[in-house]
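A.B. asks:
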Amino acid sequence: MRKVTLEEVFSHPITQKYLKRSGIAHAISVTEYAFMFAKKYNVNTDHATKAALLHDVGHYTWYRDGEWDYDLYKENDIHAIKGASRAHKLLVRIGEDRLAAKEIAVAILLHTDSYLPEGDLQLKPLQQVVNMADEADEEVGGNHHYKKMEDHVALERIRKLDRQIDQVERERVEGIS
Numbered sequence: 280m281r282k283v284t285l286e287e288v289f290s291h292p293i294t295q296k297y298l299k300r301s302g303i304a305h306a307i308s309v310t311e312y313a314f315m316f317a318k319k320y321n322v323n324t325d326h327a328t329k330a331a332l333l334h335d336v337g338h339y340t341w342y343r344d345g346e347w348d349y350d351l352y353k354e355n356d357i358h359a360i361k362g363a364s365r366a367h368k369l370l371v372r373i374g375e376d377r378l379a380a381k382e383i384a385v386a387i388l389l390h391t392d393s394y395l396p397e398g399d400l401q402l403k404p405l406q407q408v409v410n411m412a413d414e415a416d417e418e419v420g421g422n423h424h425y426k427k428m429e430d431h432v433a434l435e436r437i438r439k440l441d442r443q444i445d446q447v448e449r450e451r452v453e454g455i456s
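Each residue of the sequence shown is one higher than the one before, counting from 280 in the working numbering.
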């Protein structure tokens with residue numbers, strides 16, 4: 280059974296601070312994609328959705344002459360590293376299982392290859408799901424970070440995902456019994 284719900288993660292002030300910076304609408308969309316992909320590929324939906332929700336909490340902005348500079352950002356990006364650390368600390372703080380928090384943080388770390396050297400990296404299924412979910416919502420020039428969503432809509436969509444995750448967990452337990 281889950282120790283921490285998506286709503287608890289989403290509603291935490293630290294999450295809110297960083298999601299407002301990187302885009303709540305993008306985070307919610309990626310979380311929904313992650314749920315769908317996790318179900319399809321038989322990956323833990325709870326871990327996938329938490330990693331997806333928090334995947335961009337390491338973002339910071341790169342400005343040049345008072346304007347957002349997407350090229351400067353892409354050249355210097357390490358948001359996945361910072362985000363993995365922030366997410367891990369947050370999840371442990373709010374009571375998530377420590378091994379789950381680590382697995383989620385590693386999926387955040389590897390959700391993008393923008394900061395990694397060239398080469399083949401073999402992603403585990405959870406990491407692949409989070410990567411695919413992020414790519415499914417990407418827009419040219421980083422515009423996916425600027426989509427808008429009202430807070431009450433975001434919260435209702437998170438609550439819906441929590442119900443769906445609980446249902447998947449119930450079905451998994453009943454299938455074992």
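By construction, the Cβ of each residue, glycine as well, lies at the ideal position given by its N, Cα and C atoms.
Residues in the same chain with beta-carbon distance under 8 Å from Ala242, minus the five sequence neighbours each way, listed in chain order, please.
C.D. replies: Examination of residue 242 is not possible in this model, given that the chain is present from 280 through 456 alone.
A.B. asks: Grouping DSSP H, G and I as helix and E and B as strand, with all else coil, what is Glu435?
C.D. replies: One-based indexing of the sequence shown puts residue 435 at position 156. The answer is helix: DSSP assigns Glu435 an H, G or I state.
A.B. asks: From the DSSP output, in three-state form, read off Lys368 for me.
C.D. replies: The residue labelled residue 368 in the question sits at position 89 within the sequence shown. Looking at Lys368 - three-state DSSP - the assignment turns out to be helix.
A.B. asks: Can you tell me whether Lys329 is buried or exposed, with buried defined as 16 or more other CB within 10 angstroms of its CB?
C.D. replies: Mapped onto the sequence shown, residue 329 falls at position 50. It counts as buried.
A.B. asks: To the nearest angstrom, how far is the alpha carbon of Lys361 from that of Lys403?
C.D. replies: Position 82 of the sequence shown, counted from the first residue, corresponds to residue 361. Position 124 of the sequence shown, counted from the first residue, corresponds to residue 403. One C-alpha to the other measures close to 20 Å.
A.B. asks: Any idea what DSSP makes of Val527, helix, strand or coil?
C.D. replies: This structure gives no information on residue 527, because the portion of the chain shown stretches from 280 to 456.
A.B. asks: Quick test of your reading: Ser308 and Asp430, contact by CB under 8 Å. State the CB separation rounded to the nearest angstrom.
C.D. replies: Translated into the one-based positions of the sequence shown, residue 308 becomes position 29. Translated into the one-based positions of the sequence shown, residue 430 becomes position 151. With 8 Å as the limit, Ser308 and Asp430 do not qualify as a contact, their Cβ atoms being about 15 Å apart.
A.B. asks: Measuring CB to CB, does Val336 end up less than 8 Å from Ala366?
C.D. replies: Position 57 of the sequence shown holds residue 336. Position 87 of the sequence shown holds residue 366. Their beta carbons are under 8 Å apart, which means Val336 touches Ala366 by this criterion.
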